[in-house]
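Chains as they are written, first to last, in the numbering used here: chain U, 11 to 346; chain S, 136 to 371.
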Amino acid sequence: MKAYQEKAQALDALMFEKTTEYEIGRRHLANMMGEDPETFTDEDIDTAIEYLFPSGLFEPRARPLMKHPTEVFARKKVAEFDETGRPFHVLFYTGLPNYYQVLHDLSEKVRELDSFSDRMMQYNIHKDPERTLNVGGTEWVKKEQLEDILLEKLKDKQYEFFVRSMNRLLDHPFSYRVEEFIMKFRKHVQISVIHKEIPKLMFTAEGTPYMAAVGRRKTSTASVTVYGRGSGKISINGEDLLYFKYIQDREQVLFPLQFSGLLGKVDVVADVDGGGFSGQSGAIRYAISMAVRSFVDEQMMEKMRLAGLLTRDPRRHERKKPGWKGARAKYTWKKR
Amino acid sequence: MTSGYNCLVIGLARCRLGLSSNKYQLSNVFLRTYSQYPPHFVKPVYQPAQLDDILESGESKNLEFTPVRAAYVNHTSSIFHDKIVMKFTNHVMKTGRKSLARELVEKTFQEIKRIQLQKWNEAKTAEEKANTECNPLTIFHQAVENCRPVLQLIPIKRGGIRYQVPIPITDKRSYFISMRWFVHAGREKERKIHFPERLARELIAASNNEGRVVKQKQDLHRQCEANRAYAHYRWG
Chain U
11 MKAYQEKAQA
21 LDALMFEKTT
31 EYEIGRRHLA
41 NMMGEDPETF
51 TDEDIDTAIE
61 YLFPSGLFEP
71 RARPLMKHPT
81 EVFARKKVAE
91 FDETGRPFHV
101 LFYTGLPNYY
111 QVLHDLSEKV
121 RELDSFSDRM
131 MQYNIHKDPE
141 RTLNVGGTEW
151 VKKEQLEDIL
161 LEKLKDKQYE
171 FFVRSMNRLL
181 DHPFSYRVEE
191 FIMKFRKHVQ
201 ISVIHKEIPK
211 LMFTAEGTPY
221 MAAVGRRKTS
231 TASVTVYGRG
241 SGKISINGED
251 LLYFKYIQDR
261 EQVLFPLQFS
271 GLLGKVDVVA
281 DVDGGGFSGQ
291 SGAIRYAISM
301 AVRSFVDEQM
311 MEKMRLAGLL
321 TRDPRRHERK
331 KPGWKGARAK
341 YTWKKR
Chain S
136 MTSGYNCLVI
146 GLARCRLGLS
156 SNKYQLSNVF
166 LRTYSQYPPH
176 FVKPVYQPAQ
186 LDDILESGES
196 KNLEFTPVRA
206 AYVNHTSSIF
216 HDKIVMKFTN
226 HVMKTGRKSL
236 ARELVEKTFQ
246 EIKRIQLQKW
256 NEAKTAEEKA
266 NTECNPLTIF
276 HQAVENCRPV
286 LQLIPIKRGG
296 IRYQVPIPIT
306 DKRSYFISMR
316 WFVHAGREKE
326 RKIHFPERLA
336 RELIAASNNE
346 GRVVKQKQDL
356 HRQCEANRAY
366 AHYRWG
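See below:
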């Protein structure tokens, strides 16, 4: 027990020492750069280090670094019991006090929200759609991140249970009342940048607006140009829509045009190579969808995205494995 | 392509999570499906009416950052597209021959039209003519609806014996069963009568609540009624 306590004290002392060093370093850097030491932020420190210690190393993690000690040293759990051996945390003997504390808080909050909604039902007040918690652009922290927050190693099942329970709390109509608690365990996702970088329309010598795009599906590649102020002419490798023998492929070519309402209003010139008829029509469909983005407004573009027209189909032919009949099919299993 | 193989491995690892939250129609769930897409990808909605609903109700706000799977090869926003006919074509398809399946289904509808037009022309009174349905799609929809079972039987083992226990059926499964019965009925022996002709006759009969497919549904319901004593085996 004494050893644990000494460890905790040593850790505290180390962190204190490193933090003071860091702060002194911050002031020195500010002086060197000619900035005000009081308002020198962490980002300013990064730029100062980059300027004063330029590194030609390729790996960013190998370059010189000056970060706050809490970011450099991994957080560890301090002594969890006093000198008599009595633990501080109520749930110490569960083995995962922080994890079970979170679950306990969660269940308390569910109970609170339930009693709140009961009181609201008395006054006939139901879920307010305007105050619903918006968790768009966020997702639950991953298992590793949760372990970092709780400083405890978790099993997969425990993580699954945690996410299921939090979803239950999130589904409650009055979950906005516990937004702070929920947001502690939600992190922002990478915003998809595809629909923010729509290329602007280009113009031919005669002044016709046009947009070019390349689409791929399986092993086919299609390069398509969509000309505005057209009459609905479609040319695929020099032939018209009848290049495709099957109606399904013709429908696929027309799908993005019909969906966005540009069917008789634009001309399409496509060059396609590789693959079979289905892959080629899919490639042309994707290329047309990407080109049409420049001709339509944001709402139609969002509709196209929800319809799956702006997703490059990632499915490729799956190889046959040795010892298997095909990609997934196995040979007949004989017990004897 | 080894990337597909790797995706399978990754997909399996993520599939262990198998969590579900029925929050939205296009739910952002960890699906227990083995697909080449990462688990948080959502299925596409391509029909204009449904999309307008989603945008009006405000669900699209929640889907702003959710990636969507690519549209299927048989999706179109055209007015001639029918979801149930699309599903039916898939059930008719064997070993991936979609073009042949589509041809057969179209021939079936042509055959239905032919048969009904003949009846219409032979009809004497105006009332008879009005009662003859000539639209193959209407007949197809009516036939599929008439043959949808309300319950299904599943085998449950109790005390060493397997009992056939009646349980409720989901909408999706009832459509599937109905369509599968039609396809099997079309594939009956006697190869002299081809699939489209046989299927056309079955569909027309079923839309009038006659024929072997409707009989199959009624047999199933009769068996469910007979086995209702075992209905409580469904629960533990």
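We put the beta carbon where it would ideally sit given N, CA and C, even for glycine.
In this text the structure is predicted, and so the values were computed from the model without any measurement.
Nearest Cα to Ala89 (chain U) within the set U:Ser65, U:Tyr14, U:Leu113: U:Tyr14. In the DSSP assignment, Trp255 (chain S) is bridged to no other residue. Among the residues of the region 178-204 of chain S, those with a Cβ less than 9 Å away from any Cβ of chain U are Lys178, Pro179, Val180, Tyr181, Gln182, Pro183, Leu186, Asp187, Ile189, Leu190, Gly193, Ser195, Lys196, Asn197, Leu198, Glu199, Phe200, Thr201, Pro202, Val203, Arg204, in the order of the chain. Residues Ile219, Tyr310, Ser313, Met314 of the same chain have their beta carbon placed closer than 7 Å to that of Val279 (chain S), with the five preceding and five following residues left out of the count.
Going by DSSP, Asp277 (chain U) is part of no alpha helix (DSSP H) but of the beta strand (DSSP E) stretching over 277-283.
Taking a 10 Å sphere around the C-beta of Asn197 (chain S), we find 16 or more other C-beta atoms and assign the residue as buried. Boundaries for Thr231 (chain U): no alpha helix (DSSP H) harbours it, while the beta strand (DSSP E) harbouring it runs 230-237, taken from the DSSP string. Under the three-state reduction of DSSP output, Ala205 (chain S) falls in the coil class, being neither helix nor strand. Trp370 (chain S) counts as exposed, since fewer than 16 other beta carbons sit within 10 angstroms of its beta carbon. Each of U:Glu189, U:Arg227, U:Phe102 was checked against the Cα of Arg325 (chain U), and the nearest Cα belongs to U:Arg227. A check of alpha carbon separations from Pro179 (chain S) across U:Leu319, U:Ala23, U:Lys344 identifies U:Leu319 as the nearest. The distance from the Cβ of Ala293 (chain U) to that of Ala232 (chain U) is about 4 Å, consistent with a contact at the 8 Å cut-off.
The beta carbon of Phe172 (chain U) sits no closer than 8 Å to any beta carbon of chain S. Among the CB atoms of chain U, one or more fall inside 8 Å of the CB of Arg237 (chain S). A distance of 8 Å or more separates the beta carbons of Pro332 (chain U) and Arg295 (chain U). According to DSSP, residue pairing for Met212 (chain U) in a beta bridge involves U:Tyr220.
Straight-line measurement puts the Cα of Glu312 (chain U) at about 19 Å from the Cα of Leu211 (chain U). Per the coordinates, the alpha-carbon of Glu262 (chain S) lies some 17 Å from the alpha-carbon of Asn270 (chain S). Under the 8 Å Cβ criterion, the region 21-39 of chain U does not count as touching the region 100-113 of chain U, having fewer than three qualifying pairs. With respect to chain U, the C-beta atom of Lys233 (chain S) has a partner C-beta closer than 8 Å.
Contact between the region 236-246 of chain U and the region 269-286 of chain U is present: three or more C-beta pairs spanning the two stretches fall below 8 Å.
Taking a C-beta cut-off of 7 Å against chain S, the contacting residues of the region 232-262 of chain U are Tyr256, Gln258, Glu261, Gln262, listed in chain order. Contact note: Glu122 (chain U) does not reach chain S at a C-beta cutoff of 7 Å; the least C-beta distance is about 21 Å. Against chain S, the beta carbon of Arg315 (chain U) has neighbours under 7 Å at Val203, listed in chain order. By the criterion of a C-beta distance shorter than 8 Å, His226 (chain S) is surrounded in its chain by Phe311, Met314, Arg315, Val318, once the five residues flanking it on both sides are discounted. Ranked by how close their Cα comes to the Cα of Glu149 (chain U), the residues U:Glu157, U:Lys194, U:Lys119 have U:Lys194 in first place. For Glu149 (chain U), no alpha helix (DSSP H) segment is defined; the enclosing uninterrupted segment is the beta strand (DSSP E) at 148-150. Between Leu239 (chain S) and Pro331 (chain S), the beta carbon gap of about 6 Å places them in contact (Cβ cut-off 8 Å). In terms of CA proximity to Pro174 (chain S), S:Pro202 leads the group S:Pro202, S:Trp255, S:Ile339, S:Ile304. Residue environment analysis places Gln155 (chain U) among the exposed positions, since fewer than 16 neighbouring C-beta atoms fall within 10 angstroms of its C-beta. Residue contact check for Val208 (chain S) against chain U: a CB pair falls below 8 Å. What Val199 (chain U) touches in chain S, judged by beta-carbon distance under 8 Å, is Phe200, going in chain order.
Bridge partners of Pro290 (chain S) according to DSSP: S:Gln299. Counting along the chain, Ser245 (chain U) sits inside the beta strand (DSSP E) bounded by residues 244-246. The shortest CA-to-CA distance from Ile192 (chain U) to any of U:Asp128, U:Leu273, U:Pro209, U:Val173 is the one to U:Val173.
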